[in-house]
Amino acid sequence: MDTDRSILIPTPALFNFEECLWFLNRNYDDCLHEIEENSLIKALKIGVGLILIKVSVAGSFLEIEILSGEANAENKAFLVAYVTEWFDLERNIQPFYDLLKTDGRLAYMTEKYKGFRLIGIANLFEAICWCIIGQQINLAFAYKIKRRLVEQFGEKIDFDGKSHFIFPAPEVLAQTSVEVLRGMQFSDKKAQYVIGIANAFVDGSLSKEKLQALPDFAARKKALTSFKGIGAWTANYALMKTLKEPEGIPHGDVGLLNALSAHDIIRDRSETDKIDAFFNQYKGWESYLVFYLWRSLAVK
DNA sequence: AACCAGGCGCATG
DNA sequence: CATGCGCATGGT
């Protein structure tokens, strides 16, 4: 191991990297990272520089190896912060487990999914675009469309015979056209939404920093849903994945509803009062509950 | 081969 | 405020 190009982050209690990898894989074809064996490879942009990292477990540490790009102190500090946020390493999830254990239907999760963390999407623009792509279509198709978009417009690092992409910048997508996106099988509306959101990022009317500066969850949700293409589901999803907001419950989500009925919490999606009452028992941990329910959905 | 997919916006009652 | 409808097209 080249210590110059390697960083170790101590892992917290109740952390299991393989559980997290399961979620990042799930038999889907995500173009923004690659999983091989028990490691994860991802390209990132730091300032103007591209960097390729490999994340794996080394004893009681997560190891970040810099495969390509500059391994200076500044980049290393960025990477520690990035991976810590990505895997939500700073959160003590014991209180969540204590709540799960009081619920006969969900208590099994504290063993079966032990150490599973809320996997983030640090890039707000990416999170929103991903939501728009995924609205009302099946996930396999959504990943295909995302790949077309990313491979056409994203920057990449070639390493070891493979290309590793990063999500396109708003400036780039703001310059494309509905026709081009239609060619990638975006619907007319979704193409308009993505371009509209890209322009909002370019002109500064929407940004992660601006959202974070708002006083509370309700204000952030309202700000997000004022943009075309961002409804309640997308706003909650983005707040949950990018800002790690506990209250971000993607209401109406098909996967969530399926998991709720699979656990006999509801019979059909109209029972919104039951859903609210259920989530009320998990104050402060709603988004984690959503994540664990998604985790419970076996893929094929 | 019909029915469903990690919804959303807009038009009505 | 709640309900209904069109969207677009791949998966199963």
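Letter by letter, the first sequence follows residues 30 to 329 of the working numbering. No residue lacks a Cβ here, since even glycine has one placed at the ideal position from N, Cα and C. Remember, predicted model here, so these are calculated numbers, not experimental data.
Start-to-end residues for the beta strand (DSSP E) that takes in residue i
i    : result
V84  : 78-87
S316 : That residue, S316, is in no beta strand (DSSP E); its alpha helix (DSSP H) goes 315-324.
E92  : 90-97
P124 : Here P124 belongs to no beta strand (DSSP E); instead the alpha helix (DSSP H) covers 123-130.
A72  : 68-75
L37  : 35-39
E65  : 63-65
Residue i, buried or exposed, once every other Cβ within 10 Å from all chains shown has been counted against 16
i    : result
Y57  : exposed
K191 : exposed
T139 : buried
K218 : exposed
D33  : exposed
V179 : buried
K239 : exposed
A327 : exposed
E200 : exposed
K257 : exposed
T271 : buried
Residue i to residue j span [Cα, whole Å]
i    : j    : result
K329 : C158 : A caution first: K329 carries a pLDDT of 42, below 50, which makes its placement in the model unreliable, though a value can still be read off. Between K329 and C158, the C-alpha separation is close to 26 Å.
H292 : A247 : 29 Å
D232 : A151 : 20 Å
L268 : K250 : 8 Å
A220 : I174 : 11 Å
Y317 : Y111 : 19 Å
L210 : F154 : 17 Å
K185 : W51  : 24 Å
I304 : P41  : 31 Å
N198 : Q214 : A small correction: the amino acid at residue 198 is Ala; Asn does not occupy that position in the sequence shown. Using only the alpha carbons, I get a separation of about 20 Å.
L73  : I80  : 5 Å
G144 : N104 : 28 Å
F196 : D189 : 20 Å
Q204 : A100 : 33 Å
G133 : E274 : 26 Å
Y311 : N167 : 29 Å
I295 : A306 : 11 Å
G266 : I75  : The question names Gly, but residue 266 in the sequence shown is Tyr. One C-alpha to the other measures close to 25 Å.
G78  : T301 : 47 Å
7 Å Cβ shell around residue i - same chain, five flanking residues per side excluded
i    : result
L108 : I36, I82, I93
Y172 : Y57, D58, D59
Y142 : E48, Y321, R324
A136 : L129, K130
E119 : T113
N45  : K143, G144, F145
F125 : W314, Y317
F230 : F154, P199, S236
Neighbourhood of residue i by C-beta, 6 Å cutoff - its chain only, sequence neighbours within 5 removed
i    : result
E276 : F246, E315
L286 : R298
L253 : I259, A264
I70  : E63, K83
G225 : K257
The alpha helix (DSSP H) enclosing residue i, as first and last residue numbers
i    : result
K105 : 102-115
I161 : 153-163
E140 : 138-141
I166 : Segment: none, I166 is in no alpha helix (DSSP H) and carries neither H nor E.
D59  : That residue, D59, is in no alpha helix (DSSP H); it is neither H nor E in DSSP.
Residues near residue i in its chain [Cβ-Cβ closer than 8 Å; skip 5 each side]
i    : result
F308 : I278, E315, L318
W115 : I148, G149, A151
R177 : M213, Q214
D187 : H193
F90  : L37, I38, P39, T40
L243 : R249, A252
For this session: Return the chain-ordered ranges of every beta strand (DSSP E) run that is complete within the segment 222-294 and spans a minimum of 3 residues.
Result: Fully enclosed beta strand (DSSP E) runs of no fewer than 3 residues are not present anywhere in the segment 222-294.
Exercise. Which residue spans inside the segment 182-218 form an unbroken beta strand (DSSP E) run of at least 3?
Worked result: Runs found: 185-188, 191-194.
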